[in-house]
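Residue numbers (our numbering): -13 to 428. Every residue gets a Cβ at the ideal spot worked out from N, C-alpha and C, and that includes glycine. Quick caveat: nothing in here was measured; it's all calculated off a predicted structure.
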């Protein structure tokens, strides 16, 4: 009898914890859906602002200086740098954490499923590059832009996908996230190998120290986020000094986030049960209330806590600021009469709209047919086509490569930006239309 009476509180405790977990999942999904709308609004604001009579004020805003003292060191930067390379690190941290969870126990747990986005990313790089080269067989200076349509803007692609809400299978979202991360890594390698004069490999020592500290903290059982700020800063600074996108430090930290909670003698459900028993005896027992709070927190693994705590900030602050800082392309500055400008615009736009989805879809289909990769049950070829189209949103990453490829020719640089804008816009519209169709169909 005593055993039975002691086990009864377990059921309400488990119910509370399960309901709380379901609530967290619903909150994150609703945040994603709203974030897509907010992202589009800020994109429109940036485009209108950059092409209005107040265009100069837009540029002044982006290049507004930000300076502060860090000990004896003086730090001077701009609003644009803080948004793109500091705040976006947090975005990539959340993305990396989600991929880490899926690798452990989700859509990427199967080796064949995990390999498919990597293979798809390669196809999404090769085909657009070939299409661009087909349009631009002229001077060497124009050929320099071959890498522009190979990139995917992960923030915009995921934001557009979020507009479709809960109808999108989780496996489709994770496929796009993983594909876009691999795409970004390939883009960084392309920038490092083809568009960077020199890399400071000595700065990798900062990255190594940061990684060692992360693994040391995990061995010590430190799972709270604040202590990881120091190693995170070391990794970020190391990547920055090496000469690559420092925001990728977020991906590294996200992929290293633990997927299980701190080892404990009692499970979260058992902790909750013990705490509830004490609260029934003494409702204002502060120790029991604290134990219940800890049990509630430990229900979520560190990788889930990262997503839950940072998702609102990413959705409603970081991504809108990112759109505002990067979507403002001044179309009036483009001169299509310039030699090669038309070919650059067409080559980039066609490569993003057709080359990107063609490369991703075909190589994925071939891989599945050959048994190299495998699609999950919920991830049909229809959803693969949608993801392939959204990957054509090159936008900010493509614009960044354009500034490097045509750094010596401002007119071609502006033409490349226009091609990116047109291609990304068409890819987004196709993705939204196809997504709405699939949503109604399913």
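Judged by DSSP in its simplified three-state form, residue 64 adopts strand. Residue 370 and residue 163 have their C-alpha atoms some 13 Å from each other. Spanning the alpha carbons of residue 372 and residue 402 requires a straight line of approximately 25 Å. Cβ-Cβ separation between residue 392 and residue 383: approximately 15 Å, too far for a contact (criterion under 8 Å). When secondary structure is reduced to three states using DSSP, residue 122 falls in the coil class, being assigned neither helix nor strand. The beta-bridge partner set that DSSP reports for residue 244 is empty. Using a Cβ distance threshold of 8 Å, residue 76 and residue 222 do not count as a contacting pair. Between the alpha carbons of residue 322 and residue 315 lies a gap of roughly 15 Å.
Cα atoms of residue 376 and residue 57: separation of roughly 44 Å, rounded to the nearest angstrom. Pairwise C-beta distances place the region 96 to 116 in contact with the region 133 to 153, as three or more of them are shorter than 8 Å.
Segment contact: the region 339 to 353 against the region 406 to 421, three or more CB-CB distances shorter than 8 Å; contact assigned. The distance from the Cβ of residue 224 to that of residue 192 is about 3 Å, consistent with a contact at the 8 Å cut-off.
Here residue 167 really is in contact with residue 81; their C-beta atoms are around 7 Å apart, less than 8 Å. Scanning 303, 234, 210 and 361 for the CA closest to the CA of residue 24 turns up 303. Nearest C-alpha to residue 100 among 360, 381 and 427: 360.
For residue 132, the closest alpha carbon among the candidates 118, 145 and 220 is that of 118. Comparing alpha carbon positions, the residue from 406, 350 and 244 closest to residue 312 is 406.
Ranked by Cα distance from residue 352, the first of 95, 103, 190 and 123 is 103.
For the region 174 to 216, the continuous alpha helix (DSSP H) assignments of 4+ residues that do not extend past its boundaries occur at 190 to 205, in sequence order. Residue 378: not part of any beta strand (DSSP E); DSSP gives it neither H nor E. By the 16-neighbour rule on beta-carbons within 10 angstroms, residue 212 is exposed. When C-alpha distances from residue 409 are compared across 198, 348 and 379, the shortest belongs to 379. With 16 or more neighbouring CB atoms inside 10 Å of its own CB, residue 79 falls in the buried class.
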